[in-house]
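Notes for the one structure printed next.
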Amino acid sequence: MSSISESASCKNGINGAKKGLTSEDNTYMSKDRVQEIVDSLTQLLAKTVYQPTTYIWPTKRICIYFICFHVASDEVKKNKIRVTFLDTSCSSSPLQKKKKKSNLENDMAEIKKMITILEERTVPMAKAQTTEDHKKKRKIEKGQMSRSDNEKRETEDENKSDNKEDKTAKTAPKQKEKTVESKKQDDSSQASKMAKKSEKANLKDKDKDKDKTEANPTSSEANKKKALKKSKSTTKNESHTTPIAPPLDLKFLEEMESKSDNDSGSDCDKMNKMDNPCYDTVKDLSAISKESMMEYINGLCFGASIGDSLGLYYFKSENKKSVSEKIKKLGEHEASTATTTTTTTTTTTDKEVDLNDMDIDMELNEVTDDTEMAMCIARGLLKMIDSNARQNKGMNEVTMKYIVEEYQMWLLNPPGDHGRLIDGSIGGKDVKTVENVRHKAYEMNSQIKSGKQKYGVLSNGSLIRCVPLIVYGIRLPPRQTFQLMLLESSLTHASYIVYFTLTAYALTAQYLIRNYCKSKKHELAVCYALQFLEEQQNIFKASPHNDHNANDNTNADAIAMVIQWIKEARQTVINNTVNDFVASLNQEANSMNSHIRIGFQIAFYHLCKASTFVEAMEHTLTIQGNSDSNCCVVGGLMGAFHGITQLRTLKQLLVRPNSKSDKHRQPYHAKHYEQYLRFLFRYALHPQRCFVGDATKSCNGSFDEFVLQPDK
1 MSSISESASC
11 KNGINGAKKG
21 LTSEDNTYMS
31 KDRVQEIVDS
41 LTQLLAKTVY
51 QPTTYIWPTK
61 RICIYFICFH
71 VASDEVKKNK
81 IRVTFLDTSC
91 SSSPLQKKKK
101 KSNLENDMAE
111 IKKMITILEE
121 RTVPMAKAQT
131 TEDHKKKRKI
141 EKGQMSRSDN
151 EKRETEDENK
161 SDNKEDKTAK
171 TAPKQKEKTV
181 ESKKQDDSSQ
191 ASKMAKKSEK
201 ANLKDKDKDK
211 DKTEANPTSS
221 EANKKKALKK
231 SKSTTKNESH
241 TTPIAPPLDL
251 KFLEEMESKS
261 DNDSGSDCDK
271 MNKMDNPCYD
281 TVKDLSAISK
291 ESMMEYINGL
301 CFGASIGDSL
311 GLYYFKSENK
321 KSVSEKIKKL
331 GEHEASTATT
341 TTTTTTTTTD
351 KEVDLNDMDI
361 DMELNEVTDD
371 TEMAMCIARG
381 LLKMIDSNAR
391 QNKGMNEVTM
401 KYIVEEYQMW
411 LLNPPGDHGR
421 LIDGSIGGKD
431 VKTVENVRHK
441 AYEMNSQIKS
451 GKQKYGVLSN
461 GSLIRCVPLI
471 VYGIRLPPRQ
481 TFQLMLLESS
491 LTHASYIVYF
501 TLTAYALTAQ
511 YLIRNYCKSK
521 KHELAVCYAL
531 QFLEEQQNIF
541 KASPHNDHNA
551 NDNTNADAIA
561 MVIQWIKEAR
571 QTVINNTVND
581 FVASLNQEAN
591 SMNSHIRIGF
601 QIAFYHLCKA
611 STFVEAMEHT
621 LTIQGNSDSN
631 CCVVGGLMGA
641 FHGITQLRTL
651 KQLLVRPNSK
661 SDKHRQPYHA
671 KHYEQYLRFL
681 FRYALHPQRC
691 FVGDATKSCN
701 GSFDEFVLQP
711 DK
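For the sequence shown, position 413 (counting from the first letter as 1) is numbered 413 according to full-length UniProt numbering, and the numbering increases by one without interruption.
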């Protein structure tokens, strides 16, 4: 906050229409005068970091006190400043009511009282700082700018603002000008000293933290993650200068949906064998009800978020055994009240359970970056669909531009434990286009391949966020599903072993959703994914120099690895060798905490076993690795298998209001799936024979757009 007072002549201060900038204003000023003052305040704001500086220009008849602060960074860019001020020359002024004659000493005493009142009103904004100051501070903390450079720049800024103030006040007496100037310098130097003290304190704290870290070089990944989560809670107490992601405007899509539903010739709500030229698995089905499929689409997405939340709750809990008992109790409750819906077209998800009747004190309404990144994808896809519809573009025109924009907005204020790859590719300063993002992702993958990991990136970052894409591609043939998963994953995890892991997961989930009423659907879904992988493996063996080979490891060994993971999980169920299976996963987790294999294999193990959702969660929590990420991956696949009705109590725990939640986290909470999923399914990509044009080789101007077109 910057507190500024400036003199104005009686003529300029009183004449003009009443101009109310906020509900708290008591001022009579002309439009031009207000604009002039706002312009001068804008120049002075650059000097304010944390300590407010008060500038007072009193005259015999008038004394105006200003409080200005930035509401949000998007308004900062437009130079919009909220101003509250008092004019003692006006009859309505609180100062004027108390005395008829004004003198400097009394004015100052009254203003000090009024400052206290006004500052109490604006406490939430008191720590707001400009974008430039924020950048300067971060550069100092990172050692990119020396203290002397910072002081020099502050001096230059002060000189510039002082010059402008001198021009606006050149009609004032010279003596008064000197008084004002000296006061400004005193206040500025005082603010500068306070800022330096704050910086020194921060540097000392950082040195202490560094010493602690160096003293314990063998700390595990779990301890690092715990520290990050602690920093997240600390950040909540600080003021946020970053904007909050606005809610999506879906009115246009709702209108389109309504028109399409009234069209008797529309077949968008159903899929039949003519719609799916490449689907051997669904060719015998004449129609699939949208409502029934939504039961399992909700199961997929909410299941992933429930797993994410359970894993986080388990991670934060000191009594792990107590958490396991609570989860087991939840499972018993779900089993005793379960309603079978697999043969009907309606669901019972609207029937809420009275949580007060259940003795379960679990806080499951907090999620991690796993769910938040998935919500970025959902928001980006819906913005793309809306934009295409408004411009009358083909609904099969796909671009990752909107998803990248959502990630960039999210990265302005992410949770403390988000992955480093998304920071490296999307969070860079020089990232402006999807082309830049992918180029960075390919570079990072190449660096990793040149090290110890011959397959490149192997972390689970793109697997934990992919469920909205699975819904959007629900009607595509397998090869096009692969292309869609590649487009998004290559923004951060540009590795073919990751692409095929995602595709196997997506095809399995899609089969479960489309064939919800089939007997032994869990076994058939696994076979469906394996069939695609084996076909692609043969293609790569026959043609090792695939057109994507220039930027990634496209060898058949990557696909063979994913096939091996699935078959190992299936064989573990057949041979009942779960102890050896878990030991192998724990060994993998010791070398790489977030390895994509861990959650992926556990998910396929429990699907092959046809475990209940809660059984799968209980078991997953006993395995090493990132508990939230592993439970997220397992929860998604098991949710697609069981449907949302089997998870209704857990869903209620997830979506219930959380008064402690940070406002910046709200746009990315799983509760928004209730609105988003029906649109993602309603406007899912058309099931025509098509390909996704990927221009990664040439990186030309059309790189940002990927259009699904009929084969020639």
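C-beta: ideal position from N, C-alpha, C; glycine also.
Problem - CB contact flag (Ala378, Gly636, <8 Å) - result: Reading the sequence shown from its first residue, position 378 is the one you call residue 378. Reading the sequence shown from its first residue, position 636 is the one you call residue 636. Not in contact: Ala378 and Gly636 (Cβ atoms no closer than 8 Å).
Handout entry: Nearest residue (CA-CA) to Glu568, options Gln624, Trp410, Arg597 and Met592
Key = Numbered from 1 along the sequence shown, position 568 holds the residue referred to as residue 568. Cα-wise, what sits closest to Glu568 is Arg597.
Problem - Boundaries (first-last residue) of the alpha helix (DSSP H) holding Val526 - result: In the sequence shown, counting from the first residue as 1, residue 526 sits at position 526. First-last of the alpha helix (DSSP H) with Val526: Lys521 to Ala542.
Problem - Rounded separation between Ser462 and Val498 - CA only - result: As a position in the sequence shown, residue 462 is number 462, starting the count at 1. As a position in the sequence shown, residue 498 is number 498, starting the count at 1. Going from the Cα of Ser462 to the Cα of Val498 covers about 8 Å.
Problem - Rounded separation between Asn460 and Met485 - CA only - result: The residue you call residue 460 lines up with position 460 of the sequence shown. The residue you call residue 485 lines up with position 485 of the sequence shown. Rounded to the nearest angstrom, the two C-alpha atoms are 14 Å apart.
Practice task
From the DSSP output, in three-state form, read off His606 for me.
Solution key: Locating residue 606 in the sequence shown gives position 606, counting from the first residue. His606 falls in the helix class under three-state DSSP.
Practice task
List the endpoints of the continuous beta strand (DSSP E) containing Thr649.
Solution key: To locate residue 649, count along the sequence shown from 1; it is residue 649. Here Thr649 belongs to no beta strand (DSSP E); instead the alpha helix (DSSP H) covers Arg648 to Val655.
Practice task
Look at Ile470 and Tyr683 and say whether their C-beta atoms are less than 8 Å apart.
Solution key: Translated into the one-based positions of the sequence shown, residue 470 becomes position 470. Translated into the one-based positions of the sequence shown, residue 683 becomes position 683. Their beta carbons are not under 8 Å apart, which means Ile470 does not touch Tyr683 by this criterion.
Exercise for the section: Measure the Cβ-Cβ separation of Ile574 and Leu530 and say whether it is below 8 Å. Expected result: As a working mapping, residue 574 is identified with position 574 in the sequence shown. As a working mapping, residue 530 is identified with position 530 in the sequence shown. No, Cβ-Cβ distance for Ile574 and Leu530 is not below 8 Å.
Exercise for the section: In angstroms with no decimal places, state the Cα-to-Cα distance between Ala509 and Cys466. Expected result: Within the sequence shown, numbered from 1, the residue matching residue 509 stands at position 509. Within the sequence shown, numbered from 1, the residue matching residue 466 stands at position 466. Their Cα atoms are separated by approximately 11 Å.
Handout entry: Spatial neighbours of Thr371 in its chain, beta-carbon cut-off 6 Å, leaving aside the 5 residues before and after
Key = On the sequence shown, residue 371 is found 371 positions in, with the first residue counted as 1. Closer than 6 Å at the Cβ level, and outside the excluded window around Thr371, lie Ser305, Asp308 and Ala670.
Practice task
With distances taken Cα to Cα, identify the nearest neighbour of Leu685 among Asn445, Leu382 and Gly299.
Solution key: The residue you call residue 685 lines up with position 685 of the sequence shown. Among Asn445, Leu382 and Gly299, the Cα nearest to that of Leu685 is on Leu382.
Practice task
Please confirm whether Val614 and Leu330 have their CB atoms less than 8 Å apart.
Solution key: Here residue 614 is taken as the residue at index 614 of the sequence shown, counted from 1. Here residue 330 is taken as the residue at index 330 of the sequence shown, counted from 1. Closer than 8 Å, so yes.
Exercise for the section: Look at the alpha carbon of Leu458 and the alpha carbon of Val582, and state the distance between them as a whole number of angstroms. Expected result: The residue you call residue 458 lines up with position 458 of the sequence shown. The residue you call residue 582 lines up with position 582 of the sequence shown. Taking the straight line from one Cα to the other gives about 19 Å.
Exercise for the section: Could you have a look at Thr368 and say whether DSSP puts it in helix, strand or coil? Expected result: Taking the sequence shown and counting its residues from 1, one reaches residue 368 at position 368. The answer is coil: DSSP assigns Thr368 none of H, G, I, E or B.
Problem - Option nearest Ser495 by Cα separation, candidates Tyr516, Tyr442 and Asn538 - result: What you label residue 495 is simply residue 495 of the sequence shown in a count that begins at 1. Ser495 has its Cα closest to that of Tyr442, out of Tyr516, Tyr442 and Asn538.
Problem - Lys609 burial status per 10 Å Cβ neighbour count (16 or more: buried) - result: By 1-based counting over the sequence shown, the position of residue 609 is 609. Lys609 comes out buried.
Problem - CB contact check: Tyr407 to chain D, cutoff 8 Å - result: Among the chains in the structure shown there is no chain D, since it carries only a single protein chain.
Practice task
Can you tell me the Cβ-Cβ gap for Asn298 and Leu677, rounded? I've got them flagged as a contact below 8 Å.
Solution key: Residue mapping note: residue 298 aligns to position 298 of the sequence shown, counting from 1. Residue mapping note: residue 677 aligns to position 677 of the sequence shown, counting from 1. With a Cβ gap of about 6 Å, Asn298 and Leu677 count as contacting.
Practice task
Compare the beta carbon distance of Pro468 and Ala374 with 8 Å and say whether it is the shorter of the two.
Solution key: Here the question's residue 468 lines up with position 468 in the sequence shown. Here the question's residue 374 lines up with position 374 in the sequence shown. Yes, they are a contact pair.
Handout entry: Distance between Ser627 and residue 726 (C-alpha atoms, nearest Å)
Key = No statement about residue 726 is possible, as the shown extent of the chain runs from 1 to 712 and does not include it.
Handout entry: Exposure label - Ala245; buried when at least 16 CB within 10 Å
Key = Indexing the sequence shown from 1 puts residue 245 at position 245. Looking at its Cβ environment, which holds 16 or more other Cβ atoms inside 10 Å, Ala245 is buried.
Handout entry: Own chain residues within Cβ distance below 8 Å of Asn590, not counting five before or after
Key = Along the sequence shown, one-based indexing puts residue 590 at 590. So the list reads Gln624, once near-sequence residues are dropped.
Problem - Alpha-carbon spacing of Leu621 relative to Glu255, whole angstroms - result: Start at 1 with the first residue of the sequence shown, and residue 621 comes out as number 621. Start at 1 with the first residue of the sequence shown, and residue 255 comes out as number 255. Approximately 44 Å, taken between the alpha carbons.
Handout entry: Proximity below 8 Å, CB of Tyr528 to CB of Leu502
Key = Against the sequence shown, residue 528 aligns to sequence position 528. Against the sequence shown, residue 502 aligns to sequence position 502. Contact: no.
Handout entry: Span separating the alpha-carbon of Pro667 from that of Pro247
Key = The residue you call residue 667 lines up with position 667 of the sequence shown. The residue you call residue 247 lines up with position 247 of the sequence shown. If I take the Cα positions, the gap works out to 7 Å.
Problem - Identity of the residue in His642, Lys454 and Leu653 nearest Val367 by Cα - result: In the sequence shown, the residue the question calls residue 367 occupies position 367. Residue Leu653 is the option with its Cα nearest to Val367.
Practice task
Check Lys101 in the structure and name its three-state DSSP category.
Solution key: Locating residue 101 in the sequence shown gives position 101, where the first residue counts as 1. Note that Lys101 scores 41 on pLDDT, short of 50, meaning its location in the model is unreliable; the coordinates nonetheless yield the value given after this. The answer is coil: DSSP assigns Lys101 none of H, G, I, E or B.
Handout entry: Span of the alpha helix (DSSP H) around Lys397
Key = The residue labelled residue 397 in the question sits at position 397 within the sequence shown. Residue identity differs from the one stated: residue 397 is Glu in this sequence, not Lys. Per DSSP, Glu397 belongs to no alpha helix (DSSP H); it is in the beta strand (DSSP E), Glu397 to Thr399.
Exercise for the section: List the whole-angstrom C-beta distance separating Ser490 from Arg438, where the pair is believed to meet the contact cut-off of C-beta under 8 Å. Expected result: Looking up residue 490 in the sequence shown gives position 490. Looking up residue 438 in the sequence shown gives position 438. Their Cβ separation, rounded to whole angstroms, is 6 Å, which keeps Ser490 and Arg438 in contact under 8 Å.
Exercise for the section: In angstroms with no decimal places, state the Cα-to-Cα distance between Cys517 and Ile448. Expected result: Position 517 of the sequence shown, counted from the start, is the residue given in the question as residue 517. Position 448 of the sequence shown, counted from the start, is the residue given in the question as residue 448. Cα to Cα, Cys517 sits roughly 43 Å from Ile448.
Handout entry: His664 versus Val404: straight-line alpha-carbon distance, rounded
Key = Taking the first residue of the sequence shown as position 1, residue 664 is located at position 664. Taking the first residue of the sequence shown as position 1, residue 404 is located at position 404. His664 and Val404: Cα-Cα distance of roughly 18 Å.
Practice task
Use the C-beta contact count for Val633: other C-beta atoms within 10 angstroms, 16 or more gives buried, fewer gives exposed.
Solution key: Here the question's residue 633 lines up with position 633 in the sequence shown. So Val633 ends up on the buried side.
Problem - Sub-8 Å separation of Tyr505 and Phe600 beta-carbons - result: Residue numbering aside, residue 505 sits at position 505 when the sequence shown is read from its first letter. Residue numbering aside, residue 600 sits at position 600 when the sequence shown is read from its first letter. In this structure, Phe600 lies closer than 8 Å to Tyr505 by Cβ.
Practice task
Under 8 Å Cβ to Cβ from Met561, same chain only, skipping five residues before and after it: list those, please.
Solution key: Here residue 561 corresponds to residue number 561 of the sequence shown, with the count starting at 1. The answer, listed in chain order, is Tyr455 and Ile497.
Practice task
Determine the burial state of Arg420: buried for a count of at least 16 other Cβ atoms within 10 Å of its Cβ, exposed for fewer.
Solution key: As a working note, residue 420 is residue 420 in the sequence shown. Classification of Arg420: exposed, given that the 10 Å Cβ count is below 16.
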